[in-house]
Amino acid sequence: NEARKYNSSSRMIQIQAEIASRCLELLNIPPGKVGYILDVGCGSGLSGKVLEEGGHVWFGTDISHAMLEVAQERDAMSSSDLCLHDMGCGLPLRQSSFDGCISVSALQWLCYAQNNQQTAWMRLMRFFSSLYSVLKKGSRAALQFYPENPEQAMLISSCAARAGFTGGLVVDYPNSSKAKKHYLCLSFEHGYKVPGALGKTAEGSEQIKVNPRVRKGKRKVGKKGLTYKEKVLRIKEKQRVRGKEIRPDTKYTARKRKDKF
1 NEARKYNSSS RMIQIQAEIA SRCLELLNIP PGKVGYILDV GCGSGLSGKV
51 LEEGGHVWFG TDISHAMLEV AQERDAMSSS DLCLHDMGCG LPLRQSSFDG
101 CISVSALQWL CYAQNNQQTA WMRLMRFFSS LYSVLKKGSR AALQFYPENP
151 EQAMLISSCA ARAGFTGGLV VDYPNSSKAK KHYLCLSFEH GYKVPGALGK
201 TAEGSEQIKV NPRVRKGKRK VGKKGLTYKE KVLRIKEKQR VRGKEIRPDT
251 KYTARKRKDK F
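Under our numbering, residues 1 to 261 are what the sequence shown spells out, in order.
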């Protein structure tokens, strides 16, 4: 099937290995430390193999059952664990479990809704909020993706910032149409500076300007121009992301009551 063809392509194996190695480099894990790394969108386990070769233990999640079957066959003798899950629904994992997170060519798929009840913003916020929870404080994430346009890259970066992360967008080889790669580098540190980009020019890396303390409810609800109903729906979605039980949205949601019966 397609998953096995993908896994047997020497070109894809090389590209995946190069990107995964770069992600691991951007995590900047101290030499000699064995990290427990989360691989989001692990696919057939090609990126996980790089993590193992670097001396780390990894946990992989992916939405494709066929890809995970190939990964399971490949990693039958390894210590990795695999999970079938849509990252746009949030990560159902224990808090403060991982020493780092990598992702290869998966993050951009969060920008496409599966149905009318979801939006790119909702899926991105669920993912980044849960990622903020499952990572250990002091750890980092390096997420490689292919944005469709600059607006999509900014949407992804802004959602990571709203979830509480600091960091920046590193663009390797920005002037090359084939070698150009986007890496979203995230951290918990307030003074974190993103690593330098490969083939760096003046536009090689762009810092996300964010103060994570602002997100803890100290901003005014909603944005200027939103209707009352849009503000209420956004508040309810934030509460769902935090795991609270919220009543489902209906046509009566945020409808103002009459003063008198």
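Beta carbons: idealized from backbone N, C-alpha and C, even for Gly. As the structure is a prediction and not an experimental result, all values here were calculated from the model.
Limits of the unbroken beta strand (DSSP E) element including residue i
| i | result |
| --- | --- |
| Lys137 | 135-145 |
| Tyr173 | From DSSP, Tyr173 is part of no beta strand (DSSP E); its letter is neither H nor E. |
| Val104 | 98-104 |
Through-space distance from residue j to residue i, alpha-carbon basis
| i | j | result |
| --- | --- | --- |
| Thr250 | Pro147 | 33 Å |
| Ile19 | Ala142 | 10 Å |
| Gly199 | Gly138 | 28 Å |
| Val210 | Ser158 | Residue placement at Val210 is poorly supported in this model, since its pLDDT is 49, which falls under 50; the coordinates are not used for a value here. |
| Lys181 | Asp172 | 5 Å |
| Glu245 | Gln239 | 8 Å |
| Ser21 | Pro30 | 15 Å |
| Gly41 | Leu233 | 29 Å |
| Lys5 | Ala254 | 50 Å |
| Glu53 | Phe98 | 18 Å |
| Gly217 | Phe165 | Any reading at Gly217 needs caution, since the residue's pLDDT is 45, under 50, leaving its predicted position unreliable; the model's value is listed next. Rounded to the nearest angstrom, the two C-alpha atoms are 15 Å apart. |
| Pro248 | Phe127 | 20 Å |
| Leu131 | Arg11 | 30 Å |
Residues that residue i bridges to, as DSSP identifies them
| i | result |
| --- | --- |
| Thr166 | Ser187 |
| Phe59 | Leu38, Asp81 |
| His182 | Phe145, Val171 |
Whole-Å CB distance - residue i paired with residue j, under 8 Å assumed
| i | j | result |
| --- | --- | --- |
| Gly88 | Leu110 | 5 Å |
| Gln118 | Cys23 | That pair is no contact at about 27 Å. |
| Gly100 | Ile37 | 5 Å |
| Val70 | Asn7 | 5 Å |
| Trp58 | Leu51 | 4 Å |
Limits of the unbroken alpha helix (DSSP H) element including residue i
| i | result |
| --- | --- |
| Arg4 | 2-8 |
| Leu46 | 46-53 |
| Lys231 | 228-241 |
| Gln108 | First-last for Gln108: undefined, no H or E at that position. |
| Gln118 | Looking at the DSSP string, Gln118 is not in any alpha helix (DSSP H), and its letter there is neither H nor E. |
| Leu68 | 65-74 |
Exposure of residue i, with buried meaning 16 or more beta-carbon neighbours within 10 Å
| i | result |
| --- | --- |
| Arg257 | exposed |
| Ala179 | exposed |
| Leu84 | exposed |
| Lys49 | buried |
| Ser9 | exposed |
| Asn149 | exposed |
| Tyr112 | exposed |
Min CB distance residue i to chain D below 7 Å
| i | result |
| --- | --- |
| Leu124 | You won't find chain D in this structure, because it holds only one protein chain. |
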